[in-house]
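Data block below; observations after.
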DNA sequence: GGATTGACGGTCG
DNA sequence: ACGACCGCCAATC
């Protein structure tokens, strides 16, 4: 059943747990989850975990108790995969949570995370250092 | 059992 | 600012 090493299974476990912490109506990125589980260099593996999210409700982590839909890519869009319909499915699931999803010029499904914010906004490591990115503190001043 | 793929992201050109 | 490359590693061919 579990053709993966114990270490890999622990990784899956950590990823699923982290994703479960994302509040409804908010989203985060694969890379962010990767950082949270202590492996910032493996955002792809986070995608692998979600891809193989068990459909069996009897499993401790399954596609019903793990809000996989709240994980998008760093571009703020729903990542395309083998079956485009799956991406659309994710968009529908997000809209059910009152998260606005718009279609880009290239047909990409953009999540308006700007209205809802990322989660978590501050990483534990950053908070420990007292570093709070708050918002883009650049000199652009493009908004507000 | 070796090679390729992929729900990503950072770096480099 | 955009595109090509590289790293990473379980799953799949």
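Residue numbers (my numbering): 45 to 188.
Cβ coordinates follow ideal geometry from the N, Cα and C atoms, glycine included.
| query | Going by other Cβ atoms of all chains shown within 10 Å of its Cβ, with 16 needed for buried, is residue 91 buried or exposed? | reply | Only buried fits residue 91, as 16 or more other CB atoms lie within 10 angstroms of its CB.
| query | Where does the unbroken alpha helix (DSSP H) through residue 138 begin, and where does it stop? | reply | According to the DSSP assignment, residue 138 belongs to the alpha helix (DSSP H) that extends over 128-139.
| said: Quick check on DSSP: helix, strand or coil for residue 116? | reply: Reduced to three states, the DSSP call for residue 116 is strand.
| query | So residue 121 packs on residue 143, CB below 8 Å; how close in whole Å? | reply | The pair is not a contact, with the Cβ atoms about 13 Å apart (cut-off 8 Å).
| Closest residue to residue 54 among 67, 72 and 104 (Cα-Cα distance) | Ranking 67, 72 and 104 by Cα distance to residue 54 puts 104 first.
| task | Alpha carbon to alpha carbon, how far is residue 76 from residue 177? Give it in angstroms, no decimals. | result | Unreliable positioning characterises residue 177 in this predicted model, as indicated by a pLDDT of 46, which lies under 50. The coordinate reading is nonetheless provided below. Using only the alpha carbons, I get a separation of about 15 Å.
| request: Give me the Cβ distance between residue 110 and residue 81, rounded to the nearest whole Å; I'm assuming they're in contact under 8 Å. | output: With a Cβ gap of about 14 Å, residue 110 and residue 81 do not count as contacting.
| request: Give the secondary structure of residue 149 by DSSP, where H, G and I count as helix, E and B as strand, and everything else as coil. | output: Residue 149: coil per DSSP, three-state reduction.
| request: For residue 94, name the three-state secondary structure that DSSP assigns. | output: Residue 94: helix per DSSP, three-state reduction.
| Helix, strand or coil at residue 154 according to DSSP, with G and I counted as helix | Note: residue 154 maps to strand in three-state DSSP.
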